[in-house]
Structures are given as structure tokens and as C-alpha cells.
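First comes the structure, then the notes that go with it.
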Amino acid sequence: MKTTSITIAALLASAVEVAFAAPSSCNADDCLKAVRHLPGRSGGSRAFCAKYLASTGAPIPTKLPRNVADHCKDQHNAVAPLRVSSACGCIAQATHTPTLPARAPTPTGNTTAPTGKANAHACAQISASWAQQKKKKIDVPVVPAALAYECLNTVPLGKDEAIKLVDAIEPYLEWQSDAAFKKNPPKDYAYPGFDMFANLAQVKSNLQAGKYASEYEFQIDLYKQVWAPGQDGHFVFYPDLLSKVFKFKRQSLPLVSISEDGTSLPQIKLQREVVADAKTAQVITKINGVDAAQYLEDTVNAASLLQDADGAYNTMFWSKANAAAADPTANSGFGTFVAGGRSAVFYHGPTTSLTFANGTTVVLDNLADVVGDMAGVTDGPSMYKQFCTSKPVAPGPASPARSSSLTGYPAPEISTQDGTVTGYYLKGQGLDDVAVIVISSFAPSSTVEFQAVIMDFLSECKDAGKKKLVVDFQNNGGGALMLGYDFFRQLFPKTVQEGNSRWKLSKSHLETARVVSDMVKNIDPMSDGDSDLIELSETWLNFRHDMNITNNNFLAFTDKFSPHTLKGTDYSALMRFNLSDPIATNNPVHGVGIDITGYGSLTEQPQYFQPEDIIVLYDGSCSSTCTSAGEFLRHQGGVKSIAMGGRPKPGLMQGIGGVKGFQSLTFDDVHTFTSLAAQNTKDEKALAELSRFTTLPMQRSTASSLNVRDLILRDNIDDGTPAQFIYEASDCRLFWTAPMISDVTEVWKAAANAAFNGAKCAYGGIAGSKPGRRSEASPKARGLMRPARLSETVDKTVVKHDRLWEARHMQVAIP
């Protein structure tokens, strides 16, 4: 076996990260050729590489030989140090063969102390490196993962404070709507059940018994026992020491999962190699000595924001949709194998080894981003004082403004200013009458523009003679729930959606609803001047708000909040949104600033496409608001769907793989509502219940959220099973192929051909798809001047909203 050890000590010293690594076999790419041909033949190249690879603790050489600098660049045309290191690793093979780690690191996060003598100075070393890198204006310093892990294990356990934290978390868990179903899920659910309350109690018992040797051991066990098993994009709690200081990751060497021919099961390769030459790109057979696909599946299943195993597996890889939606200042577009995702709190060992089909193994040092302020940290106790003492989390920098075009996508026919909606026309045999609308998010900067761009595009599709529509929901994590409703109604303006939902009636929830309903009993939202009370009156806590499943009002508190018991748990009555309520819809302060299509001023909108002429494209990541839109399209619209990728196993897969819960609340939201209720009641029993909610969990975490409302599909009204636990396979499954890695239109064409032109799916199929279909677009005759677009005339002013508005309207899966 050939083994290449890619040394990145110099890379780490300057905290510069690169997007490329060595080829799996030492094929002579331009960079390697440049290094090989340094003056002095092999002697010159070996001398250079010996100096370059031995520069531990020193900055990366700022002056490379010109030929090397010219030919060892990344996709941004900047010098890629890892390419230089990998080329040197190939040259060094003639005289040196490093060995693989004796034991493959566990993919699920090791919580035991490092073997051998603990490094008591690890935190001080990181603090010094952090300060040095900050002086060099490096935004996010990087250190070796092993050093970060050693530092974490020196942080002493704050036992009393830990017990207080566990006690403070418990009342919030009582608002998690599907806790009983997480404990006892249906037999066909992908993940094992777990009892979050019993597990939390066990963590407290372990604390009391002195079973944790460090703060890190306690927090990692809390995360692994209570939160990670949830597989729920709305259900998360990131404890402070796990998330305020480090984020574990791998080198920026993204993977892809592609099929050789579109029908054979996909294989794992390096994205860079596939882009360079798909025919010679080597298959990765093992990761850390374990079957590669199994390793990735085990890793992501340890903690994922998706409820579907195939969708979760997809998140490990680079894809056009992931890269387009990613923060350009981060590496999240590379997939969670690199960026970590919800497993970024887990230590995956000091290195990662990749073994290729040709026998070559590459060993890469694992890394940790230093996201916390390490000033003044000298050891474990000072780490605890800095990060674990109930300090509120400072708000992070604002996300960079999004472009109107998606990175790596073709120029759109139309787009919102932030790229959340983009429209395209396909070209080619059988495709000239096919349009594509990409909804990358339901969280636009302007809801008014979002709606208008969709209206414009659908209208222009008709004018351009487009008869078929691909709806691309890849990597859509949710957003404003009303926009999911509106998108469905724009496609089906006369079809009334369902959207049945319910709440778990914990004692504190019921008391809060009782107080709020009384507080707003005399409020007229159309005329009252108290904005806060209007906002409260528009929440589900007011029994007068929402409608029952026959689309009528609730007439009394007991109509909405009398308990309906399932699995020993009390739930509210099923309810739906009242989309005729102008305060909740077109009001710019309390609503989303638009009439929902089919209501108010938009009752006479045309339908441009029939159900059989629409296909929904998923990659398994559709979550939250995207779930609601997708369920409406499937159940009320009768639209078929295609799911991309998945595990290398035969059979169909779900397209909607993300959280199917209907509403999330942060711990802050719950605390706001319960505190408000406590301030407005004198009932002693109610006060005793509501006073259990404190701000401690928010002070000891960087994110804390719950799924508080279940979506109940029509077929489950009687048995009450939440949609989260219902498996719904897409009609067709396709695999990514090499051309799709570079060209997203290849994905759309494959979907369109399978949906409309009789092309075969890898599994399943679309009824009515016709081989040899003619697709000549017949555009409506019109003048040279394009009519003014609605989206060009609407007010795109961004409206700032408060926390109550966010709690009511925004439903987004938390990474």
C-alpha cells in the first residue's frame, strides 16, 4: 500500500486553509510537475520540499519559486499551500513512507481523555497561536484538532453549575411537541427511539455521582444523550464549552458521491479530481480504515439536523446547491464531512485517512477553528472562567449580502435581489419548453419582492411558451411559513391547502395560553394602538386566533386547548392558519407584508401549470417551511417528485428529509412568553409553573431551540402520528453524475427528462412521462419591449421585525 502523509504544520501556523489536496495517486498535475522541475532536478525539488515540509511552527514561505507559485493555485487563483504540500509528499515517497495511525478514530466523537500524558499547556499554546494569527488579520484562527481536544480535557468540571444547568433545561424540554414519539417512534422510522427526559435525568445522576472527569466530558455527554439523537432541525442545544471555543473540522477537501452511469450505485470521490478528470478520479474505498460509505453514514447519524438517513448522508458531500447557498466566508458549502455540521462539536481524532481503490492512502491532519476569544486564557481553569460562566453570547457578524445570482449557476432569466428565487429556461432536445424555478430559501430580504418575482416568472413562462416546470427545492432549509403557503397557491390558486397542526399541552404552555387569551380579550387588531398586545393576539396562545380543521373559528378556550391524549401526552385540537386575516398576512408590521395568493386582493390569479406538468426536485435537505410547501404540493396539488443521491443502497428515498415540524421556538422565545404570562397573573399555581423558566440555558449555550408544533397529515388525523415520523418516498430517485458536479443544469435536465421525456429513474418512475416528446416552445407574439415586471415596481424595503414576529413567522432548520 502506498501512503502519502500530507503535512500541514506550516499551513496551520498561518491559519490559512485551502480547498485542494493531493491527488489520490501522484499523477503529474501542473503543480507536481512544477515542483519536480525545480533547478537541480530531483535534488532541487527534494531540497525545497524538505525545507517546506519541515517548517513546523513557522509561517508558510511567502516566497515560492515562481514556477511553483504559478502552477499551484486554487480555484480563486491564489497559491494553494496544500497543493504544494501534497506535491512534496509525492516527491518524498521515494525516500520516506509515513505510516497510518494505528487505530482509526471513532466517527461519533470520543469523550475519553487523550492517551499518554495530558498536555497541561495545550490551552496556553492555543491562546498564543490565536493571538499571533489575529495579529496577522486572520478572521478565524486554526489549530490542530488534537491540541484543541487536549485543551478541552483540561477544563475542570463545574459540578454545581452543571447541575443547575441540567435543572434549568428540563422545563424547556416539556415544550418539545414530539417527545413521546421520539421515545417510541413507528417501527419504520430510520432512527432508534430515545427518552430525552430519562437521558437528562441520567446526566444529572452522573454529575451527582462524580462520573465526569472534566467539563468537556459532561457537556459532550449532555449533547450526545439529549440532543444529538433527535435528528431534528428544530431541536438543538449547543453547550458553551462545545461551541463557544472550537469547531472541529477536516481539511477543505470536499467529497462527492456520483454514479458512473446514472443507474449504478454511487461511489465516493474527491470533488477536485472529478472536476479535473472524471475518468481518472479514484474511488475512495475507506476512511480511517472503515468502508467509506459506512464511515460517512455513521458519522452523520451521530448528530444530524435531518430526519432521513439518505438526506443526512447527502449533507456530507459537496454539491452545487450547497455551494451556492453557503456563506462565502465559510466552508459550509463543502459538505459536513469537511465543515462538521452538528458533529462539529465531536473530536474525530488527530487525522483522517483516505484510502483509494488504487491502494494509495492519504493522511490529513484534522483541524479546529478557534471561534472564541482566547485572550487571557492560560490553562483549563481560565478556559472555564472565560467560556462557562453564564456570559451572554455576543451577536456574530452579519451574514454577507447575497447576490441576485447563485454562485456557480447560470445567469437567471429573473431573480430576487438576494437570489432566494431564480428562474431559468432549459435548452435541448425535449427541453425547450421546460422552465426551472429555484427556491433556495423562504427567508428573503423582501417578502414582497419574493412573491412578485415568482408571479413575474410564472407569467413570463406562459409568454415564452413554457409548458413544463421543474421546482428546485435543493438545500432549502425553510424561512417565513406564509411564503411556503403563497408559493403553493401561486401554482394552485384555487386549491385550498390543509396545514393541520397541534401543540403539546405542557402545564406551563397551557397556563401561558390561558393568561395571554385573557390579556387580549378586548383587543381589536384592526384598530387598537398597542402593538405588543396586537402581536400577542396574533399568536396561537390566543384561542381566538387560528381556525379548526373545518376552517371555522374556535369559539372558546376549551375548543382549542382541551386535551387530546396520545402516548400519555396531552395535545391541543388540530388547527390551521387563517390566511384571510389581514393582520397576519398583508400587514407590514405584524404580518408578512403580502396577501397570500388565493386570498384578499389575489383571489383571481391564473393557474399556469397542471400538476402533471410540474416536478419537484429534492436532495433530501428540504426542511421546516420547505416541508410545508412540499407537503402541500404532494397532497393537495398532486405533484410528483424526484430525489437526488442518497446512500449507496437500492430503492427509493425521501425528498423531504428535513424536519417536518410545523413551528420552532428558541428557548428565548419560550422564556419571553412564559415571563410575560407570569407578569400578568396572580394565580399561585400558574406562577409556580411559570417561574421554572430562567435564562441560564441561553447564557450557557450558543443555540437552543425546540420543535413546538407538529404537522399532522390528512392520513394521520386519527392516529395522531406527526409528519416527522412518516416515511414518504419520492416517485423517482436519481443519482448525481460527474457532469452534474460542474454544471447544475445537468441536474435539471436529468430531472426534466425523467419527469416529462420518459427517461428512466435509477429507482421508481414518473407515470405519464413520454419518450420522444416534442418540446417546441411557442412564445406569445409581442413587441420588442418586455412589459414592466411587477417585481421592478414593488417596494423592496427591508422591514425590521421584533422577536415575537420572528417567533410567529420564521421557521428555519438550525445547522
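930 is the number that our numbering gives the last residue of the sequence shown; the numbers go up by one with no jumps. Virtual Cβ for every residue (Gly too), placed ideally from N, Cα, C. What you are looking at is a predicted structure, and each value in this text was computed from that prediction instead of being measured.
1) Between which residues of its own chain and arginine 807 is the CB-CB distance below 6 Å, once the five residues before and five after are set aside?
2) What residues are listed by DSSP as bridge partners for alanine 595?
3) Hey, is the stretch 913–925 in contact with the stretch 778–795, meaning 3+ C-beta pairs nearer than 8 Å?
4) Do the CB positions of serine 816 and valine 492 come within less than 8 Å of each other?
5) Among all the DSSP beta bridges, which residues are the ones paired with aspartate 734?
6) Just checking: is the beta-carbon of serine 372 within a distance shorter than 8 Å of some beta-carbon in chain C?
7) For a quick check, are the C-beta atoms of arginine 198 and cysteine 146 less than 8 Å apart?
8) Between aspartate 494 and leucine 356, what straight-line distance do the alpha-carbon atoms span, to the nearest angstrom?
9) Considering only the alpha carbon of each residue, which of Ala294, Ile730 and Arg901 lies closest to asparagine 868?
10) Can you give me the C-alpha to C-alpha distance between proline 443 and glutamine 794, rounded to a whole angstrom?
11) Which value, in whole angstroms, describes the spacing of the CA atoms of serine 623 and glutamate 289?
12) Taking one C-beta from the stretch 722–741 and one from the stretch 588–607 each time, how about it: are there three or more such pairs within less than 8 Å?
13) If you draw a straight line from the alpha carbon of phenylalanine 449 to that of proline 559, how long is it in whole angstroms?
14) Please classify proline 496 as buried or exposed, where buried requires at least 16 other C-beta atoms within 10 Å of its C-beta.
15) Pick from Thr712, Ile402 and Leu380: whose alpha carbon is nearest that of glycine 474?
16) Which ranges would you report for the alpha helix (DSSP H) in the stretch 377–458 if only whole runs of at least 4 residues count?
17) For the 8 Å Cβ check, are there 3 or more pairs between the stretch 851–866 and the stretch 765–778?
18) Expressed to the nearest angstrom, what Euclidean distance is found between the alpha-carbon atoms of methionine 690 and valine 927?
19) Does DSSP put histidine 186 in a helix, in a strand, or in coil?
20) Quick check: valine 281 and lysine 339, are their CB atoms within less than 8 Å of each other?
21) Can you tell me whether DSSP reads alanine 207 as helix, strand or coil?
22) If I follow the unbroken beta strand (DSSP E) through alanine 552, where does it start and stop?
23) My assumption, with CB atoms under 8 Å, is that isoleucine 711 sits in contact with aspartate 587. Please give the rounded CB distance.
24) Give a yes or no on contact between the stretch 869–880 and the stretch 402–412, applying the rule of three or more CB pairs nearer than 8 Å.
25) Specify the secondary structure class of methionine 641 as computed by DSSP and reduced to three states.
26) Straight-line CA distance for serine 642 to isoleucine 253?
27) Would DSSP call threonine 860 helix, strand or coil?
28) The alpha helix (DSSP H) with phenylalanine 361 in it runs from where to where?
29) Please state whether DSSP places glutamine 248 in a helix, a strand or coil.
30) Is asparagine 437 closer than 8 Å to asparagine 590 when the C-beta atoms are compared?
31) So, are the CB atoms of threonine 654 and valine 630 less than 8 Å apart?
32) If distances are taken between C-alpha atoms only, which option among Leu546, Phe565, Asp547 and Val549 comes closest to serine 555?
33) Since alanine 838 and leucine 828 should fall inside the 8 Å C-beta cutoff, what is the C-beta to C-beta distance between them, to a whole number of angstroms?
34) With a cut-off of 8 Å, do at least 3 Cβ pairs link the stretch 758–765 to the stretch 327–336?
35) Would you list, in sequence order, the uninterrupted alpha helix (DSSP H) runs of no fewer than 4 residues that lie entirely inside the stretch 814–877?
36) Terminal residues of the continuous beta strand (DSSP E) containing histidine 786?
Taking the definition as stated:
1) As a working mapping, residue 807 is identified with position 692 in the sequence shown. Excluding sequence neighbours, arginine 807 sits near Pro286.
2) In the sequence shown, residue 595 corresponds to position 480, counting from 1. According to DSSP, which records beta bridges pairwise, alanine 595 is partnered with Met925.
3) yes
4) On the sequence shown, residue 816 is found 701 positions in, with the first residue counted as 1. On the sequence shown, residue 492 is found 377 positions in, with the first residue counted as 1. Against a cut-off of 8 Å, the Cβ pair of valine 492 and serine 816 comes out as no contact.
5) Position 619 of the sequence shown, counted from the start, is the residue given in the question as residue 734. Its beta-bridge partners do not exist; DSSP assigns none.
6) Of the protein chains in this structure there is only one, and it is not chain C.
7) In the sequence shown, counting from the first residue as 1, residue 198 sits at position 83. In the sequence shown, counting from the first residue as 1, residue 146 sits at position 31. Yes, Cβ-Cβ distance for arginine 198 and cysteine 146 is below 8 Å.
8) As a working note, residue 494 is residue 379 in the sequence shown. As a working note, residue 356 is residue 241 in the sequence shown. Aspartate 494 and leucine 356: Cα-Cα distance of roughly 14 Å.
9) Position 753 of the sequence shown holds residue 868. Cα-wise, what sits closest to asparagine 868 is Ile730.
10) Indexing the sequence shown from 1 puts residue 443 at position 328. Indexing the sequence shown from 1 puts residue 794 at position 679. Legend: pLDDT at proline 443 = 48, less than 50; position of this residue unreliable, no value from coordinates given.
11) Here residue 623 refers to the residue found at position 508 of the sequence shown. Here residue 289 refers to the residue found at position 174 of the sequence shown. Serine 623 and glutamate 289: Cα-Cα distance of roughly 8 Å.
12) yes
13) As a working mapping, residue 449 is identified with position 334 in the sequence shown. As a working mapping, residue 559 is identified with position 444 in the sequence shown. Cα-Cα distance, rounded: 23 Å.
14) Translated into the one-based positions of the sequence shown, residue 496 becomes position 381. It counts as exposed.
15) What you label residue 474 is simply residue 359 of the sequence shown in a count that begins at 1. Minimum Cα distance to glycine 474 is reached at Ile402.
16) 386–391, 407–416, 424–429, 435–440 and 451–454
17) no
18) Here residue 690 is taken as the residue at index 575 of the sequence shown, counted from 1. Here residue 927 is taken as the residue at index 812 of the sequence shown, counted from 1. Taking the straight line joining both Cα atoms gives about 21 Å.
19) Taking the first residue of the sequence shown as 1, we reach residue 186 at position 71. It is helical.
20) Position 166 of the sequence shown, counted from the first residue, corresponds to residue 281. Position 224 of the sequence shown, counted from the first residue, corresponds to residue 339. No, the pair does not count as a contact, with Cβ atoms beyond the cut-off.
21) For the purposes of this step, residue 207 is taken as the residue at position 92 of the sequence shown. Summary for alanine 207: the model assigns pLDDT 46, below 50, so the residue's position carries little reliability; its value from the coordinates is reported in the next sentence. The answer is helix: DSSP assigns alanine 207 an H, G or I state.
22) Looking up residue 552 in the sequence shown gives position 437. For clarity, residue 552 is isoleucine in the given sequence; the question names alanine instead. Segment 549–554, the beta strand (DSSP E) holding isoleucine 552.
23) In the sequence shown, counting from the first residue as 1, residue 711 sits at position 596. In the sequence shown, counting from the first residue as 1, residue 587 sits at position 472. Going by Cβ atoms, the distance from isoleucine 711 to aspartate 587 rounds to 22 Å, so no, they are not a contact pair.
24) Two segments are said to touch when three or more pairs of C-beta atoms, one from each, lie closer than 8 Å; by this definition the stretch 869–880 does not touch the stretch 402–412.
25) Along the sequence shown, read from residue 1 onward, the residue named residue 641 stands at position 526. Reduced to three states, the DSSP call for methionine 641 is coil.
26) Taking the first residue of the sequence shown as 1, we reach residue 642 at position 527. Taking the first residue of the sequence shown as 1, we reach residue 253 at position 138. Straight-line spacing of the CA atoms in serine 642 and isoleucine 253 works out to 53 Å.
27) For this step, residue 860 is matched to residue 745 along the sequence shown. Threonine 860: helix per DSSP, three-state reduction.
28) Within the sequence shown, numbered from 1, the residue matching residue 361 stands at position 246. Note, phenylalanine 361: premise wrong, no alpha helix (DSSP H); beta strand (DSSP E) at 361–364.
29) Along the sequence shown, one-based indexing puts residue 248 at 133. Glutamine 248: helix per DSSP, three-state reduction.
30) For this step, residue 590 is matched to residue 475 along the sequence shown. For this step, residue 437 is matched to residue 322 along the sequence shown. The answer is yes: Cβ separation under 8 Å.
31) Here residue 654 corresponds to residue number 539 of the sequence shown, with the count starting at 1. Here residue 630 corresponds to residue number 515 of the sequence shown, with the count starting at 1. Between threonine 654 and valine 630, the C-beta gap is not smaller than 8 Å, which leaves the two residues out of contact.
32) Translated into the one-based positions of the sequence shown, residue 555 becomes position 440. Considering only alpha carbons, the answer is Phe565.
33) Residue 838 sits at position 723 when you count from the first residue of the sequence shown. Residue 828 sits at position 713 when you count from the first residue of the sequence shown. Alanine 838 to leucine 828, Cβ: 5 Å. Contact.
34) no
35) Listed in chain order, the complete alpha helix (DSSP H) runs (minimum 4 residues) inside the stretch 814–877 are 853–857 and 859–871.
36) The residue you call residue 786 lines up with position 671 of the sequence shown. First-last for histidine 786: 782–794, but that is the alpha helix (DSSP H), not the beta strand (DSSP E).
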